[in-house]
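**Q** Let me give you the structure first, and then I'll get to my questions.
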Amino acid sequence: MDNLRSSVLPPALLLLLVAGWLILPGAAWVWTAVALLALAIPALIGGVTPIATGLTGTRWRQSVRSLKDGGLRWLLAVAFLPFEAAQMLGAIATTLARVLITHRHLLEWMTAAKAARGEGKAGSRRRTWGQMASAPLFALTCALLLAVLQPGRLPLALPLLLAWALAPEVAYRIGQPLRQTPKPLTAEQKAALRSLARRTWLFFEDFVGPEDHWLPPDHFQESPRGIVAPYTSPTNIGLLLLSTLAAYDLGYMGVTVLVSRLRSTFESLERLERFRGHFLNWYDTRTLEPLLQRYVSTVDSGNFAACLRILGQACQRIPTTPVLRWQRWEGVADTFALLDEFVYDLETAKNIPAAGELRVLTRELRERVLSVRDDKDAWLPALEYVAGAGWQRLELLLTRLVEENAATLSTAALGGLRIAAGRISDQLFTFQRFLNLLLPELLLLERPPQLLRNSSVPVELGESYRTLVDALPVDRTLDQMPERCAAARAALAQLQAGLNRLPPASTGAPQLDEARTWCRTLDEKLTAAQHLAQDLLGGLQQIDDLAEAYFREMDFGFLFEPQRQVFHIGYNVTAGKLDGNFYDLLASEARIASLVALAKHEVPRSHWLHLGRPMTRVDGMRTLLSWSATMFEYLMPDLFMRSYVGTLLHASATAAVEVQIAYGRRKGVPWGISESGYYAFDLNMNYQYRAFGVPGLGFKRNVAEDLVITPYASLLALPFQPQAVAENLTRLTQLGALGVYGLYEAVDFTPARLPLGQERALVQEYMAHHQGMILVALDNYLSNAPLGQDRVMVQRFHSDPRLQSVDLLLQERVPADVPLEKPQPDDLAPTRRSLTPVIALPWAVPAEGAPAPHVHTLSNGHYSLLITASGGGVSRWGDLD
Numbered sequence: 000m001d002n003l004r005s006s007v008l009p010p011a012l013l014l015l016l017v018a019g020w021l022i023l024p025g026a027a028w029v030w031t032a033v034a035l036l037a038l039a040i041p042a043l044i045g046g047v048t049p050i051a052t053g054l055t056g057t058r059w060r061q062s063v064r065s066l067k068d069g070g071l072r073w074l075l076a077v078a079f080l081p082f083e084a085a086q087m088l089g090a091i092a093t094t095l096a097r098v099l100i101t102h103r104h105l106l107e108w109m110t111a112a113k114a115a116r117g118e119g120k121a122g123s124r125r126r127t128w129g130q131m132a133s134a135p136l137f138a139l140t141c142a143l144l145l146a147v148l149q150p151g152r153l154p155l156a157l158p159l160l161l162a163w164a165l166a167p168e169v170a171y172r173i174g175q176p177l178r179q180t181p182k183p184l185t186a187e188q189k190a191a192l193r194s195l196a197r198r199t200w201l202f203f204e205d206f207v208g209p210e211d212h213w214l215p216p217d218h219f220q221e222s223p224r225g226i227v228a229p230y231t232s233p234t235n236i237g238l239l240l241l242s243t244l245a246a247y248d249l250g251y252m253g254v255t256v257l258v259s260r261l262r263s264t265f266e267s268l269e270r271l272e273r274f275r276g277h278f279l280n281w282y283d284t285r286t287l288e289p290l291l292q293r294y295v296s297t298v299d300s301g302n303f304a305a306c307l308r309i310l311g312q313a314c315q316r317i318p319t320t321p322v323l324r325w326q327r328w329e330g331v332a333d334t335f336a337l338l339d340e341f342v343y344d345l346e347t348a349k350n351i352p353a354a355g356e357l358r359v360l361t362r363e364l365r366e367r368v369l370s371v372r373d374d375k376d377a378w379l380p381a382l383e384y385v386a387g388a389g390w391q392r393l394e395l396l397l398t399r400l401v402e403e404n405a406a407t408l409s410t411a412a413l414g415g416l417r418i419a420a421g422r423i424s425d426q427l428f429t430f431q432r433f434l435n436l437l438l439p440e441l442l443l444l445e446r447p448p449q450l451l452r453n454s455s456v457p458v459e460l461g462e463s464y465r466t467l468v469d470a471l472p473v474d475r476t477l478d479q480m481p482e483r484c485a486a487a488r489a490a491l492a493q494l495q496a497g498l499n500r501l502p503p504a505s506t507g508a509p510q511l512d513e514a515r516t517w518c519r520t521l522d523e524k525l526t527a528a529q530h531l532a533q534d535l536l537g538g539l540q541q542i543d544d545l546a547e548a549y550f551r552e553m554d555f556g557f558l559f560e561p562q563r564q565v566f567h568i569g570y571n572v573t574a575g576k577l578d579g580n581f582y583d584l585l586a587s588e589a590r591i592a593s594l595v596a597l598a599k600h601e602v603p604r605s606h607w608l609h610l611g612r613p614m615t616r617v618d619g620m621r622t623l624l625s626w627s628a629t630m631f632e633y634l635m636p637d638l639f640m641r642s643y644v645g646t647l648l649h650a651s652a653t654a655a656v657e658v659q660i661a662y663g664r665r666k667g668v669p670w671g672i673s674e675s676g677y678y679a680f681d682l683n684m685n686y687q688y689r690a691f692g693v694p695g696l697g698f699k700r701n702v703a704e705d706l707v708i709t710p711y712a713s714l715l716a717l718p719f720q721p722q723a724v725a726e727n728l729t730r731l732t733q734l735g736a737l738g739v740y741g742l743y744e745a746v747d748f749t750p751a752r753l754p755l756g757q758e759r760a761l762v763q764e765y766m767a768h769h770q771g772m773i774l775v776a777l778d779n780y781l782s783n784a785p786l787g788q789d790r791v792m793v794q795r796f797h798s799d800p801r802l803q804s805v806d807l808l809l810q811e812r813v814p815a816d817v818p819l820e821k822p823q824p825d826d827l828a829p830t831r832r833s834l835t836p837v838i839a840l841p842w843a844v845p846a847e848g849a850p851a852p853h854v855h856t857l858s859n860g861h862y863s864l865l866i867t868a869s870g871g872g873v874s875r876w877g878d879l880d
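So this is what it looks like as structure tokens:
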């Protein structure tokens with residue numbers, strides 16, 4: 000009965016309104032109010048219900064919000080009343096006709112899901128107006144009737160009539176998807192990001208090699224000391240794999256180098272000790288021995304497992320992509336841009352005339368490469384010129400610049416020029432070698448022998464030659480290579496047989512010999528290309544198999560606490576016990592491990608619901624609370640996982656970015672705070688490392704006492720605020736945070752740690768996992784798929800069917816009515832800390848024969864002096880004792 004009542008309610012209310020305006024006795028406004036009140040009752044009930052349970056602050060806000068939402072729904076219900084009435088009457092008429100008259104189509108019905116999909120594709124404004132034409136027609140009819148029969152009541156009805164007339168437009172407007180598309184970057188800003196990506200890849204090119212068994216060192220500390228840390232972790236290794244993949248995506252290497260580097264890394268992984276399928280927390284890259292304490296980290300294993308699946312999916316897709324990709328030319332252009340930047344630094348710092356000439360040539364070569372993008376026929380000639388005459392001119396200018404200015408150039412400047420020039424030479428050489436090995440016909444078919452170019456060539460030879468050309472399309476993919484090469488060799492055999500049947504006198508012996516030699520050369524190169532393609536396909540399959548095996552063998556179940564339904568921090572293999580602490584917050588990088596374990600069905604689905612979701616409001620935005628309030632906790636998982644607009648995780652990430660930007664603006668510094676190195680040293684002059692955050696986003700105390708800006712944190716925000724990220728990188732570069740290998744680790748603005756008279760201090764080191772995150776973030780943005788599709792690494796992650804099965808967990812909506820928390824309210828408005836007053840102590844001569852030596856020390860931050868009571872001591876300036 001309630002269903003029947005609800006189906007006739009819109010027609011009945013519409014009839015009441017029209018009758019009240021035209022024929023019912025009494026005041027028309029009374030009948031109008033009665034009809035409108037009937038539609039408003041649900042909204043009123045929704046707003047009053049929270050108040051009935053208690054007038055607390057939360058209940059009051061909830062009631063106001065419910066009244067607001069209910070009021071908007073009521074206005075829409077009023078505007079759509081004629082259309083709903085027409086729908087209901089049409090449905091009633093159709094049902095009665097089928098049941099009582101035609102007795103046909105009685106089982107015809109549409110599921111709610113199908114109806115929703117149809118409405119979701121509503122599309123154009125014209126279609127919406129066509130579907131809802133009944134509403135404006137009804138409004139026009141009512142207006143005419145009122146104008147003729149009751150003109151005095153027309154002003155009362157006019158607001159409703161206008162709403163009905165505009166109902167299709169209202170429906171169209173509210174039916175549009177909420178796309179918060181960030182403002183795209185300009186061509187210059189994208190070029191700056193590509194240059195940064197090229198610098199960042201230099202880190203892995205220079206520091207990942209045979210000495211470290213093709214594993215990434217944890218970090219390189221440029222100053223002080225200039226040391227490489229020869230140890231690594233699963234997160235470092237996983238991000239090395241993805242960084243190598245990103246370098247392939249961006250065109251810095253081809254598939255041959257990609258497979259070679261990945262194979263070398265996996266050969267080393269086979270030699271590393273594991274525990275229940277997990278790689279241990281730290282290994283010595285020189286000996287491959289685990290470092291003590293031997294430990295399995297839950298978050299490290301989760302990161303590594305995610306990287307394995309991304310790599311595995313990439314290895315499955317690379318064979319289906321064209322062998323000849325435009326990205327390789329873009330990669331060459333990026334390396335020329337890198338040299339241009341290094342030379343620009345020389346030109347501005349040293350005022351070297353030759354530097355300007357070198358920059359002009361560098362930009363000319365870069366533009367020569369980029370100008371042929373839309374002309375595939377010009378790709379190869381452009382590469383030949385740049386790698387030949389262009390490189391020779393560049394090399395001569397470089398040599399002259401160094402020889403003429405050897406006395407004024409610093410070691411760092413010479414090192415930068417050497418690195419950039421070496422990378423250009425190496426990249427051009429490997430690119431040409433790649434083409435000669437996999438696509439040898441590009442040059443040979445471009446310059447066929449004279450005999451095959453003659454218009455009088457025999458028909459049989461001409462057909463064989465055309466068959467040969469057709470068998471080798473330029474856009475062929477790697478998995479097509481063996482078949483295409485075999486077909487080309489078969490056509491080539493027919494061509495050779497035809498040449499062998501030709502008498503020398505008919506064509507001329509030199510031309511015939513040239514054609515036969517050309518055919519033998521092409522046949523040999525195609526045979527080698529076929530074998531190389533098969534080897535590369537086998538290599539990609541082997542890497543995929545190993546990645547899948549490592550992923551499958553990682554047992555996350557023993558790290559899970561079934562009573563708490565959350566993960567332990569890790570497992571101490573040396574001590575044989577689980578860590579006593581847990582990952583229990585959703586806003587944490589550990590959710591990657593949670594999602595992976597759920598996808599593998601190693602923990603119950605209820606685990607996701609046991610992750611804490613404490614909410615807070617900062618600067619008017621609702622967001623999840625994390626422990627340390629770092630960008631790493633909020634945004635690092637988004638390098639791999641989808642971020643659905645309108646969901647809890649997306650809203651929290653967006654709010655975290657906004658809060659970080661606002662905090663940096665208030666402090667007058669660039670933004671981006673996360674865990675990082677900072678300007679403090681241990682006894683061996685190594686930078687220290689810990690988590691930093693912004694006030695209001697985390698449970699950790701005293702986050703406002705430090706101000707350490709780490710560049711990688713802002714790069715993580717590229718999907719959310721690309722313009723703000725680009726502007727922030729410009730500021731960081733102006734502060735000197737850009738080095739040879741990309742962005743330095745951090746800029747420390749904390750006054751308590753700075754030398755006297757300085758406002759900031761650069762943390763001049765590069766950490767492997769931060770470099771990897773920068774490169775993956777840049778690849779996600781620069782190699783972005785067409786609008787509406789996933790970022791490249793995210794697409795690969797979600798291509799795994801197991802991870803697709805848990806995709807719905809990432810679509811959790813923002814809860815409307817939850818109590819908000821205010822963590823560490825004192826941090827939101829930090830007070831100036833008072834310094835302990837210095838108490839002047841009376842001078843005392845140390846007593847002789849004391850059981851422990853008396854020591855006095857003085858320091859200004861650069862020069863230190865230590866003196867004992869016996870007169871001995873030591874002084875230090877910088878690193879010099």
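Residue numbers for the sequence shown follow numbering that gives the first Met the number 0, so the first one is 0 and each next one is one higher.
Every residue gets a Cβ at the ideal spot worked out from N, C-alpha and C, and that includes glycine.
Return helix, strand or coil for S673, following the three-state DSSP convention.
**A** The residue labelled residue 673 in the question sits at position 674 within the sequence shown. The answer is coil: DSSP assigns S673 none of H, G, I, E or B.
**Q** What does the alpha-carbon distance come out to for the pair H530 and L647?
**A** Against the sequence shown, residue 530 aligns to sequence position 531. Against the sequence shown, residue 647 aligns to sequence position 648. One C-alpha to the other measures close to 51 angstroms.
**Q** What number of angstroms, rounded off, separates the C-alpha of D333 from the C-alpha of W325?
**A** Here residue 333 refers to the residue found at position 334 when the sequence shown is read from its first residue. Here residue 325 refers to the residue found at position 326 when the sequence shown is read from its first residue. Roughly 13 angstroms between the two C-alpha positions.
**Q** I need the DSSP call for I226, collapsed to helix, strand or coil.
**A** Within the sequence shown, numbered from 1, the residue matching residue 226 stands at position 227. In this structure, I226 counts as strand in the three-state DSSP scheme.
**Q** DSSP on E764, reduced to helix/strand/coil?
**A** Residue mapping note: residue 764 aligns to position 765 of the sequence shown, counting from 1. Three-state result, E764: strand.
**Q** CA-CA distance, F202 and M772?
**A** Looking up residue 202 in the sequence shown gives position 203. Looking up residue 772 in the sequence shown gives position 773. Those two C-alpha atoms are separated by around 13 angstroms.
**Q** Per DSSP, E560 forms a beta bridge with which residues?
**A** Taking the sequence shown and counting its residues from 1, the one referred to as residue 560 is at position 561. Bridge partners of E560: V565.
**Q** Going along the chain, which unbroken runs of the alpha helix (DSSP H) with 4 or more residues stay wholly within the segment 738-763?
**A** none
**Q** Figure out for me which residue from T286, A388, P352 and A420 has the closest Cα to the Cα of F335.
**A** Taking the first residue of the sequence shown as 1, we reach residue 335 at position 336. Ranked by Cα distance from F335, the first of T286, A388, P352 and A420 is A420.
**Q** Hey, quick one: how far does the beta strand (DSSP E) through G872 stretch, first residue to last?
**A** Within the sequence shown, numbered from 1, the residue matching residue 872 stands at position 873. Note, G872: beta strand (DSSP E), G872 to W876.
**Q** Can you check whether the CB of T476 is closer than 8 angstroms to the CB of V322?
**A** For this step, residue 322 is matched to residue 323 along the sequence shown. For this step, residue 476 is matched to residue 477 along the sequence shown. Cβ atoms of V322 and T476: closer than 8 angstroms.
**Q** Write down every uninterrupted run of the beta strand (DSSP E) in the segment 119-162 whose length is 3 residues or greater and which is fully enclosed by it, in chain order.
**A** none
**Q** What does the alpha-carbon distance come out to for the pair G19 and A11?
**A** Counted from its first residue, the sequence shown places residue 19 at position 20. Counted from its first residue, the sequence shown places residue 11 at position 12. Approximately 12 angstroms, taken between the alpha carbons.
**Q** Can the beta-carbon of V739 be found closer than 8 angstroms to that of I418?
**A** Sequence index remark: in the sequence shown, residue 739 carries index 740 (1-based). Sequence index remark: in the sequence shown, residue 418 carries index 419 (1-based). Result yes, Cβ atoms of V739 and I418 sit closer than 8 angstroms.
**Q** Quick check on DSSP: helix, strand or coil for H609?
**A** Here residue 609 refers to the residue found at position 610 when the sequence shown is read from its first residue. Correct three-state label for H609: helix.
**Q** Would E363 pass as a contact of G355 if the rule is Cβ separation under 8 angstroms?
**A** Position 364 of the sequence shown holds residue 363. Position 356 of the sequence shown holds residue 355. No, they are not a contact pair.
**Q** Could I get the ranges of all uninterrupted alpha helix (DSSP H) runs contained in the segment 303-372, with 4 residues as the minimum, in chain order?
**A** 326-349 and 352-369
**Q** Have a look at the DSSP bridge pairing and note the partners of R103.
**A** As a working note, residue 103 is residue 104 in the sequence shown. For R103, which the question treats as bridged, DSSP gives no partner whatsoever.
**Q** Starting from R275, follow its DSSP beta bridges and name the residues at the other end.
**A** Locating residue 275 in the sequence shown gives position 276, where the first residue counts as 1. R275 pairs with nothing; no bridge assigned.
**Q** Would L153 and L159 be called neighbours here (beta carbons separated by less than 8 angstroms)?
**A** Residue mapping note: residue 153 aligns to position 154 of the sequence shown, counting from 1. Residue mapping note: residue 159 aligns to position 160 of the sequence shown, counting from 1. Result no, Cβ atoms of L153 and L159 do not sit closer than 8 angstroms.
**Q** When the Cα of E704 is compared with those of G276, D747, L143 and A586, which residue comes out closest?
**A** The sequence position of residue 704 within the sequence shown is 705, counting from 1. Selected option, being the one with the closest Cα: D747.
**Q** Of the choices Q86, L249 and R125, whose alpha-carbon is the least far from that of A196?
**A** By one-based count along the sequence shown, residue 196 stands at place 197. The option with the nearest alpha carbon to A196 is L249.
**Q** Let me know if N302 comes out buried or exposed under the rule of 16 or more other beta-carbons within 10 Å of its beta-carbon.
**A** Looking up residue 302 in the sequence shown gives position 303. Classification of N302: buried, given that the 10 Å Cβ count is 16 or more.
**Q** I need the boundaries of the alpha helix (DSSP H) containing R812, first residue and last residue.
**A** Taking the first residue of the sequence shown as position 1, residue 812 is located at position 813. Per DSSP, R812 belongs to no alpha helix (DSSP H) and is neither H nor E.
**Q** Return yes when the Cβ of P852 is within less than 8 angstroms of the Cβ of A868, no when it is not.
**A** Counting from 1 along the sequence shown, the entry for residue 868 is found at position 869. Counting from 1 along the sequence shown, the entry for residue 852 is found at position 853. In this structure, P852 lies closer than 8 angstroms to A868 by Cβ.
**Q** Under the three-state reduction of DSSP, which class applies to F219: helix, strand or coil?
**A** Residue numbering aside, residue 219 sits at position 220 when the sequence shown is read from its first letter. In this structure, F219 counts as strand in the three-state DSSP scheme.
**Q** Measuring alpha carbon to alpha carbon, tell me which residue in F550, S593, A546 and D544 is nearest L558.
**A** For the purposes of this step, residue 558 is identified with residue 559 of the sequence shown, where counting begins at 1. Nearest C-alpha to L558: S593.
**Q** Using DSSP with H/G/I as helix, E/B as strand and the rest coil, what is R422?
**A** Walking along the sequence shown from the start, residue 422 turns up at place 423. Of the three classes helix, strand and coil, the one that applies to R422 here is helix, per DSSP.
**Q** Do you know offhand how far H855's Cα is from L865's?
**A** Taking the first residue of the sequence shown as 1, we reach residue 855 at position 856. Taking the first residue of the sequence shown as 1, we reach residue 865 at position 866. Distance between the alpha carbons of H855 and L865 is about 6 angstroms.
**Q** Check the DSSP bridge columns for K576 and list the partner residues they point to.
**A** For the purposes of this step, residue 576 is taken as residue 577 along the sequence shown, with counting starting at 1. N571, per the DSSP bridge assignment.
**Q** Three or more C-beta pairs under 8 angstroms: does that hold for the segment 707-721 against the segment 621-637?
**A** yes
**Q** Counting C-beta neighbours from all protein chains within 10 Å, is the total for E366 16 or more, i.e. buried, or is it exposed?
**A** As a working note, residue 366 is residue 367 in the sequence shown. It counts as exposed.
**Q** Roughly how many angstroms lie between the CA atoms of A734 and E764, to the nearest whole one?
**A** For the purposes of this step, residue 734 is taken as residue 735 along the sequence shown, with counting starting at 1. For the purposes of this step, residue 764 is taken as residue 765 along the sequence shown, with counting starting at 1. In the sequence as presented, Ala is not what sits at residue 734; that position holds Leu. Between L734 and E764, the C-alpha separation is close to 15 angstroms.
**Q** Please list the terminal residues of the continuous beta strand (DSSP E) segment that includes L865.
**A** As a working note, residue 865 is residue 866 in the sequence shown. Note, L865: beta strand (DSSP E), Y862 to T867.
**Q** Tell me P289's beta-bridge partners as DSSP assigns them.
**A** Sequence index remark: in the sequence shown, residue 289 carries index 290 (1-based). BP columns for P289 point to Y282.
**Q** Look at L471 and R488 and say whether their C-beta atoms are less than 8 angstroms apart.
**A** In the sequence shown, the residue the question calls residue 471 occupies position 472. In the sequence shown, the residue the question calls residue 488 occupies position 489. No. Outside cutoff.
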